[in-house]
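Residue numbers (my numbering): 118 to 299. Note that beta-carbon positions come from the ideal geometry of N, C-alpha and C, so glycine has one too. These numbers come from a predicted model, not from an experiment. Below is one structure, written out as structure tokens; the observations come after it.
Structure (structure tokens):
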């Protein structure tokens, strides 16, 4: 994470500083620093990022970052526009990112997302097991059908539910159906 600029803008509030941050690979440490800038130091942050998957998008939201500029679109004019919007306490995001954010919020409102966005998609093996669970098969029947041990089936389901933040088998099947995996 690189702090590019920390200049105060003389718009509505001349004392309000806007931090311009460039971060190619957003990780937990970077998010903690972003959150610290926003909360501890009272900065409004413009994040210049290479790309944001669903998990990182959620981290950006949790860090209270309302302005994002794609790195490949970071021209001086585009950065000035984002900084000015941020100084006015307005958000500024690329259209594709805003679309993904709205879809995420819609899924949250429907109850298909818990506190975080699911990280990745279920593996092929997990989808095979979830499909059989959706047909009402028990652990023993799934193990026999897929030629795995019951312990392996339990492990596959546990790993998927933990990684995807799902509460139980029914929630896992509902998630897979809603996301179009089944």
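Buried or exposed (CB count within 10 angstroms, at least 16 for buried), residue i
| i | result |
| --- | --- |
| residue 203 | buried |
| residue 193 | exposed |
| residue 285 | exposed |
| residue 140 | buried |
| residue 137 | buried |
| residue 158 | exposed |
| residue 206 | exposed |
| residue 243 | buried |
| residue 277 | buried |
| residue 266 | exposed |
| residue 173 | buried |
| residue 219 | exposed |
| residue 180 | buried |
| residue 161 | buried |
| residue 340 | There is no way to answer for residue 340, as the model of the chain reaches only from 118 to 299. |
| residue 279 | exposed |
| residue 169 | buried |
Rounded distance between the beta-carbons of residue j and residue i, thought under 8 Å
| i | j | result |
| --- | --- | --- |
| residue 200 | residue 163 | 6 Å |
| residue 293 | residue 247 | 5 Å |
| residue 182 | residue 149 | Not quite, the Cβ-Cβ distance comes to about 13 Å (not below 8 Å), so this is no contact. |
| residue 239 | residue 281 | 7 Å |
| residue 166 | residue 143 | 6 Å |
Min CB distance residue i to chain B below 8 Å
| i | result |
| --- | --- |
| residue 258 | Note that chain B does not occur in the displayed structure, where there is just one protein chain. |
Point to revise | Length-filtered (4 minimum) alpha helix (DSSP H) runs lying within the stretch 167 to 223 | key: Counting only runs of 4 or more residues that sit fully inside the stretch 167 to 223, the alpha helix (DSSP H) segments are 171 to 179, 193 to 204, in chain order.
Check your understanding: With contact counted as at least three CB pairs below 8 Å, one residue from each stretch, are the stretch 211 to 224 and the stretch 245 to 265 in contact?
Key -> no
Point to revise | Cβ contact (3+ pairs, closer than 8 Å) linking the stretch 204 to 216 and the stretch 173 to 187 | key: yes
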